[in-house]
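So the structure is just underneath, and the comments pick up after that.
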Amino acid sequence: MNGDQPLISEPIQIPRTSQAPIWFSQRTARVVSSERSDYGSISEFETAHPFDPRVREFLDFSIHSFIDYRFQQAAKNN
C-alpha cells in the first residue's frame, strides 16, 4: 500500500506456455492451490510452482501459498 492507495505493478504478461499456476488452473479447468508447508523446502515448493520472476520481484516477499481459479468460458454455439 502507498498511503491509502494500493501499489500497482506495470502490466506483467505471463506467456500461455508458462508453467505458472495462473495458466495451470486454466489449462486444467479446476481450482489450483498449494502451500509451502506441503513441501520439504521452499525450493521444492518454488520448483513445483514456478512463479514468474517479475511477479516475485514486484511482491518483494516469498510466496508461501496460493490459490488460482482462472477458468476460460466455453464459446456458446448460437
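Our numbering puts the first residue of the sequence shown at 218, with every later residue one more than the last. Beta carbons: idealized from backbone N, C-alpha and C, even for Gly.
Inset, instruction - For the beta strand (DSSP E) holding valine 249, just list the boundary residues, first then last. - result: In the sequence shown, counting from the first residue as 1, residue 249 sits at position 32. Run containing valine 249: 249-252, per the beta strand (DSSP E) assignment.
Inset, instruction - Please go through the same chain and pick out, in chain order, the residues whose beta-carbon is closer than 6 Å to the beta-carbon of glutamine 236, but skip the five residues on each side of it. - result: Walking along the sequence shown from the start, residue 236 turns up at place 19. Here the set comprises Pro267.
Inset, instruction - Ignore the nearest five residues each way along the sequence and tell me which others in serine 282's own chain have a CB closer than 6 Å to its CB. - result: Within the sequence shown, numbered from 1, the residue matching residue 282 stands at position 65. Result list for serine 282: Glu252, in chain order.
Inset, instruction - Starting from the Cα of serine 258, find the closest Cα among Ile229, Gln243, Arg247 and Ile280 and give me that residue. - result: Within the sequence shown, residue 258 is the residue found at index 41, counting from 1. When only C-alpha atoms are compared, the closest one is Ile280.
Legend entry - Whole beta strand (DSSP E) elements within the segment 238-288, 3-residue minimum: 249-252 and 282-285
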